[in-house]
Each structure stands twice: as structure tokens, then as C-alpha cells.
Amino acid sequence: QKEVEQDPGPLSVPEGAIVSLNCTYSNSAFQYFMWYRQYSRKGPELLMYTYSSGNKEDGRFTAQVDKSSKYISLFIRDSQPSDSATYLCAMMVGAGGTSYGKLTFGQGTILTVHP
Amino acid sequence: DGGITQSPKYLFRKEGQNVTLSCEQNLNHDAMYWYRQDPGQGLRLIYYSQIVNDFQKGDIAEGYSVSREKKESFPLTVTSAQKNPTAFYLCASRRSGTGPFLAKNIQYFGAGTRLSVL
């Protein structure tokens, strides 16, 4: 079983829809949770990060972490065609764990927002 | 402009050949990473280096080698021992050291090199 599981999709939604992207994980030592966005043939770029459980909002994006269920989500409101990309969740253990900042990635979800 | 430059964008390898992928950063970051990305597999760590002249194997190091002779450079060699090298290779760097979480722990990625076998 992989440490981080992410539904690869693909996910296709109409413009304006609310998108929900999800990851589950098995390692309870993960404390930092990130979402990267990767456009086609480009490197990933950090979209959001959260520490431990809770919600974090940034414009149209909301990141949610439920450590008790080992489940994280990224919500995109009013989705736009420019949101079409692959979304990767990534996780890191907290201080006292590995010291080299290792990120463990999910498989990525391919999202297409059509006009 | 600060960033990470990977070259070439596309690379073709013949049977039995070693090829080297270049990664250069001008962010003054201490740590550098190499990942391999296959469809449906996410990013898998090949090698990482926290400081010059030191590097460690990641999860899938077999068939690859690296060097870290300069802070700004972390080349990856795909050797003939890597039997399935076709993939998208990504280099990343991280500042590390002390300071706020976001400043020291976020990994910044290059644009990638796509390697194919002839």
C-alpha cells in the first residue's frame, strides 16, 4: 500500500463548478500538507500548504486537513479553464522526523475545466 | 531571474548508453533533489543532496548516479543499468537551514527533462 493515495482522475468539469480533490495517507507522522499544481510539460509549483488539522483559504482555493481520518482535500470554487492542470498532494513529517525535508507525493489528479 | 534550469528539455538515449541531465539553480539553496515522474505514479525521489559533496539515495536510486561538486549544480546520470528510463525527470531545490517553515521547506522545481529511449 502506498503511503499517499490520490485519485488520478481524470476529472472534467464545466467552468464555474466546485472541484474537490482528495488524498488519503497512512503515515500518522505527516504534519505538513501541501498542494502543488503542475501545468502540462512544466514543473510543479506550490499552491497551498497547511500544518496539522484544519482549513486554510486562499482566494478560490481551500485546503482542508482531517488528521483523525488521515484525509486531505483541496477545493476550488468557481473553477476556470486556467485551473486545468495536474494537482499533486504532498506531505512531510514534522520536526524531529526526517531532517532532509522529504516530500511524499500522491499520484496526481488531472483536472480539465471546460468553458 | 532566480530559478532552476534543467537541460535539455528533451533527451533520447540509445541502448547501453549513459546520459546526463543538467540541473542548475541560482537561488543559493542548500538542498537539491531529483525526481522521476511516470503517468499515474506521482513523483518518486531518486537522489537528494543537502550540502555540497554529499548526497543520499532516494526511493528509486538503482540505475542512476549524481554528483554535487558545486552548490548550484546537481547533475543526474541515467546509466545503462536503468532498464526503463523513459520518464519525465524533475529537479528541485530547497533553502533548508533556519527560519520560517515556508521559507526553508518549500521545494521549487525546474521545468523538467523528458527522456525517451530510441
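So the protein sequences, as listed, match chains R and G. Under this note's numbering, the first sequence has 300 at position 24, and the numbering climbs by one with no breaks. Under this note's numbering, the second sequence has 148 at position 85, and the numbering climbs by one with no breaks. All C-beta atoms in this analysis are idealised placements derived from N, C-alpha and C, irrespective of residue type, glycine included.
Cβ pair residue i, residue j closer than 7 Å
i, j, result
"G/GLU87", "G/SER128", "no"
"G/THR149", "G/GLY126", "no"
"R/TYR347", "R/THR300", "yes"
"R/PRO284", "G/GLY103", "yes"
"R/ASN303", "R/SER349", "no"
"G/LEU153", "G/GLY175", "yes"
"R/SER296", "R/PHE337", "no"
"G/ASP122", "G/ARG107", "yes"
Outcome for residue i when other beta-carbon atoms lying within 10 angstroms are tallied against a minimum of 16
i, result
"R/ILE294", "exposed"
"G/HIS92", "buried"
"R/THR374", "With a pLDDT of only 49 at R/THR374, under 50, the local geometry of the prediction cannot be trusted, and the value read off the model is given with reservation. The residue is exposed, with fewer than 16 neighbouring Cβ atoms inside 10 Å."
"R/PRO320", "buried"
"G/ILE114", "exposed"
"G/PHE183", "Residue 183 of chain G is absent from the structure shown; chain G starts at 64 and stops at 181."
"G/GLN119", "exposed"
"G/GLY105", "buried"
"G/GLN170", "buried"
"R/ARG317", "exposed"
"R/TYR363", "buried"
"R/TYR315", "exposed"
"R/SER288", "exposed"
"R/GLN383", "buried"
Closest residue to residue i among the options (Cα-Cα distance)
i, options, result
"R/GLN356", "R/ASP342, R/GLU291, R/GLU279 and R/GLU281", "R/GLU291"
"G/TRP97", "G/GLY79, G/GLY103, G/THR68 and G/LEU181", "G/THR68"
"G/ILE42", "G/PHE151, G/ILE169 and G/ASN168", "What the structure shows of chain G is the stretch from 64 to 181, and residue 42 of chain G is not part of that stretch, so it cannot be assessed."
"G/GLN145", "G/LEU165, G/TYR111, G/SER70 and G/GLY79", "G/GLY79"
"R/TRP311", "R/SER329, R/VAL289, R/ARG317 and R/GLN340", "R/GLN340"
"G/ALA94", "G/GLY175, G/ILE123, G/TYR111 and G/SER85", "G/TYR111"
"R/GLY377", "G/SER159, G/ALA166 and G/PRO163", "G/SER159"
"R/GLY335", "R/ARG353, R/LEU322 and R/TYR325", "R/ARG353"
"R/SER344", "R/TYR325, R/ALA305, R/LEU323 and R/GLY382", "R/ALA305"
"R/THR326", "G/ARG177, G/LEU178, G/SER179 and G/LEU165", "G/LEU165"
"R/ASP359", "R/LYS332, R/GLU333 and R/LEU387", "R/LEU387"
"G/GLY66", "G/ASN81, G/ALA124 and G/SER156", "G/SER156"
"G/SER130", "G/ASP101, G/SER85 and G/THR161", "G/SER85"
Per-residue contacts from residue i into chain R (C-beta, under 8 Å)
i, result
"G/ARG157", "GLY377"
Chain-ordered neighbours of residue i on chain G, where CB pairs are closer than 7 Å
i, result
"R/PHE306", "Those do not exist, as R/PHE306 stays about 13 Å from chain G at its closest Cβ, beyond 7 Å."
"R/GLY319", "LEU153, PHE172, GLY173, ALA174 and GLY175"
"R/LEU322", "ILE169"
"R/PHE381", "GLY105 and LEU106"
"R/GLY384", "GLY105"
Whole-Å CB distance - residue i paired with residue j, under 8 Å assumed
i, j, result
"R/THR380", "R/GLU281", "Contact flag wrong, Cβ pair sits at about 11 Å."
"G/ASN147", "G/GLU132", "That belief does not hold up - the Cβ atoms of G/ASN147 and G/GLU132 are roughly 28 Å apart, past 8 Å."
"R/SER361", "R/ARG313", "The displayed chain sequence assigns Ala, not Ser, to residue 361 of chain R. That belief holds up - the Cβ atoms of R/ALA361 and R/ARG313 are roughly 5 Å apart, short of 8 Å."
"G/ASN168", "R/MET368", "7 Å"
"R/SER328", "R/ASP342", "In fact, because the Cβ distance is near 10 Å, the residues do not count as touching under 8 Å."
"G/LEU181", "G/LYS72", "Not confirmed; about 17 Å, so no contact."
Within chain G, partners of residue i - CB distance below 8 Å
i, result
"R/VAL284", "Correcting the residue type first, residue 284 of chain R is Pro in the shown sequence and not Val. Going along chain G in sequence order, the residues near R/PRO284 (Cβ under 8 Å) are GLY103."
"R/TYR347", "Going along chain G, no residue has its Cβ under 8 Å from R/TYR347, so there is no contact; the nearest lies around 17 Å."
"R/LEU364", "GLY105 and LEU106"
Closer than 9 Å at the beta carbon, the chain G residues around residue i
i, result
"R/TYR325", "PHE164, LEU165, ASN168 and ILE169"
"R/GLN277", "Going along chain G, no residue has its Cβ under 9 Å from R/GLN277, so there is no contact; the nearest lies around 14 Å."
"R/MET368", "ASN168"
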